[in-house]
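Participant: Dropping a structure here in structure tokens format, bear with me for questions.
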Amino acid sequence: MADDDSVLAHHLAGANYYHFFHSQAYDMAWISSAQARMASTAEQDNSALVLDALNYQVFPGLAPVYQAQPINIIYKGEHPDRLMKQLGWIENKTFSNDQLTARQYLGLIDDTTPPVSDLYWNLQPQWLAYQVRGDLLKRRHIRWWYAGQEAETGNTIWLAAISYDDNIKLAHYKGLITLLHAIDPDTDVERDTLMHNAQQQGWNTEYAPFGEIIAFSKSRHYFSDGRVAIITETNSCSASAC
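So, in structure tokens, the structure goes:
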């Protein structure tokens, strides 16, 4: 079985390297433009955010045909990297932010930290991505988007989609057919695990009913109780450790 997984992983690596770095799936001029828009957004601070009015869905493409995944984490604090590092998550490269050579790409495959494909929130690809170390076919991962400043509190707000890759599938992605990971449909499990681990390390945590209650169906490849976990940086957590 291990040999079969290795062969499958190498086929996945070859197909995806060509797709994401040598096809037209990622137009670098468009990526540069998107990154400039994101930088401009950060400078403006989006200073009127109301949490229950935000969009809590993300999509693996910009066309309406793509199935949604849930935004299920809110981070209130300067930057989620502090939380991620404390909980043992590893930062990933992403296809839209990092142009990799074949050697670099295969090195990440060998290290079981392959790049993460894009999800889009409000037409923006993720700013950051992290994973818990796993294998090439199964891993926990999370993508983060900077949202702005909360109107009520002035807190910096980051949104995240967390899920567990448990299989691979052929998928239509940016105009091409390619191999992508399939997520475990019970996304609440990963949300709850991250929240519990953060709470154990001293972070303030709570749930809010900002998402949509979703039943699994052909048009929805996940199910959820609709709650979003809110993790807030405390004064003691604003240093290098909680």
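Here the sequence shown is numbered in the numbering used here, starting from 9 and rising by one per residue. Each residue gets a CB set at the ideal place from its N, CA and C atoms; glycine is no exception.
(1) With 16 other CB atoms within 10 Å as the buried threshold, where does H204 fall?
(2) Helix, strand or coil for A61? Go by DSSP, reduced to three states.
(3) With DSSP as the reference, label R141 as helix, strand or coil.
(4) What whole-angstrom Cβ distance do K84 and I165 have, given they're in contact under 8 angstroms?
(5) How many angstroms separate the CA atom of D194 from the CA atom of R111?
(6) Give the secondary structure of H204 by DSSP, where H, G and I count as helix, E and B as strand, and everything else as coil.
(7) Can you tell me which of V140, A56, A61 and Q75 puts its alpha carbon nearest to the alpha carbon of Q94?
(8) Give the range of the beta strand (DSSP E) segment to which K93 is assigned.
(9) Which one of G142, Q132 and Y215 has the shortest CA to CA distance from A155?
(10) Give the DSSP-derived three-state secondary structure of D233 in the structure shown.
(11) Cα-Cα, which of D233, A206 and F224 is closest to P217?
(12) Which residues share a DSSP beta bridge with V66?
(13) Considering just the uninterrupted stretch of the beta strand (DSSP E) at A155, what are its terminal residues?
(14) Quick one: grab the DSSP three-state call for H242.
(15) Which of helix, strand or coil does DSSP assign to T161?
(16) Using a threshold of 7 angstroms, state whether the C-beta atoms of I170 and E214 are closer than that.
Facilitator: Judging by the given coordinates:
(1) exposed
(2) helix
(3) coil
(4) 6 angstroms
(5) 35 angstroms
(6) helix
(7) V140
(8) First-last for K93: D89 to Q94, but that is the alpha helix (DSSP H), not the beta strand (DSSP E).
(9) Q132
(10) coil
(11) D233
(12) Q77
(13) R147 to Q157
(14) A small fix is needed here, since residue 242 is Thr in this sequence, not His. If DSSP states are grouped into helix, strand and coil, T242 belongs with coil.
(15) coil
(16) no
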